[in-house]
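Taking it in order: structure first as structure tokens, then the write-up.
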Amino acid sequence: AQKVTQAQTEISVVEKEDVTLDCVYETRDTTYYLFWYKQPPSGELVFLIRRNSFDEQNEISGRYSWNFQKSTSSFNFTITASQVVDSAVYFCALSEASSGGYQKVTFGIGTKLQVIP
Amino acid sequence: DVKVTQSSRYLVKRTGEKVFLECVQDMDHENMFWYRQDPGLGLRLIYFSYDVKMKEKGDIPEGYSVSREKKERFSLILESASTNQTSMYLCASTPLVSNSEQYFGPGTRLTVT
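Heads up: the protein sequence lines correspond to chains P and W, in order. Letter by letter, the first sequence follows residues 7 to 123 in the working numbering. Letter by letter, the second sequence follows residues 365 to 477 in the working numbering.
What follows is the structure, encoded as structure tokens:
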């Protein structure tokens, strides 16, 4: 069975601080995908990144960066110089390929980030 | 721009009513999903569909049914709404290509009184 743990339910930071959102996953598959989504107050989840299990390169996109470590089964997300617009709920998700072609996606419970001006 | 739309942002229904939540996507995606989102529980899959008239149960299908008569439309039905079905309902879609990211609608916040 697959599992995604986001131990931080709520985080508050002051604007311009850096913040890291933790994600730990469990899976028996050797092939899997990891995702991060952002859910702003408007409610719609927005895709941020996908990483497959064979690619452990870290990724940077503007103020966002992701650290994937298979050794610790973690896929952490860092926001540098946080801004008020970063306030949202962030979800980590895990996808395994199924025999039927549909990938079962398991979401973490989400981390609510509040950036205080 | 890709789009998933849901028929209502907010809905209030009475216990025992039949409730229809509609979802439409304009991306010609094969896969469509219904989730419910509750505090402390994250997103839980109710049902999904990988083709017209095809459906599969997710993790929490009890009390729900679905309908997919057309590729672009996926409906969630609460046959007899109960207060424990008060929740945020999210629709999503993906193309047939495996492991694609999901495209989400804005959500419907349903309150059953």
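Backbone N, C-alpha and C fix where the C-beta goes; we use that ideal spot for every residue, glycine too.
{"Item": "At least 3 beta-carbon pairs within less than 8 Å: the region 395-404 of chain W vs the region 441-459 of chain W", "Value": "yes"}
{"Item": "Positions along the region 56-71 of chain P whose CB lies within less than 7 Å of some CB in chain W", "Value": "R56"}
{"Item": "Nearest candidate by alpha-carbon position, reference P470 (chain W), set P:V10, P:V30, P:K44", "Value": "P:K44"}
{"Item": "With 16 other Cβ atoms within 10 Å as the buried cut-off, status of S101 (chain P)", "Value": "buried"}
{"Item": "Interface residues of chain W facing V30 (chain P) [CB-CB closer than 8 Å]", "Value": "Simply none; closest approach about 14 Å."}
{"Item": "Cβ pair L474 (chain W), V388 (chain W) closer than 8 Å", "Value": "no"}
{"Item": "Nearest-angstrom Cα separation, counted from T33 (chain P) out to R432 (chain W)", "Value": "31 Å"}
{"Item": "For Q45 (chain P), three-class secondary structure by DSSP", "Value": "strand"}
{"Item": "Sequence-distant residues of its chain with Cβ nearer than 6 Å to E16 (chain P) (five each side left out)", "Value": "K118"}
{"Item": "Endpoints, beta strand (DSSP E) assigned at E32 (chain P)", "Value": "30-32"}
{"Item": "Chain P contacts from the region 431-465 of chain W (Cβ-Cβ distance under 9 Å)", "Value": "M452, L454, A456, T458, L460, S462, N463, S464, E465"}
{"Item": "First through last residue of the beta strand (DSSP E) which encompasses Y428 (chain W)", "Value": "First-last for Y428 (chain W): undefined, no H or E at that position."}
{"Item": "Beta carbon of L54 (chain P) nearer than 8 Å to that of Y70 (chain P)", "Value": "yes"}
{"Item": "Contact list for the region 40-51 of chain P against chain W, Cβ threshold 7 Å", "Value": "F41, S48, G49, E50, L51"}
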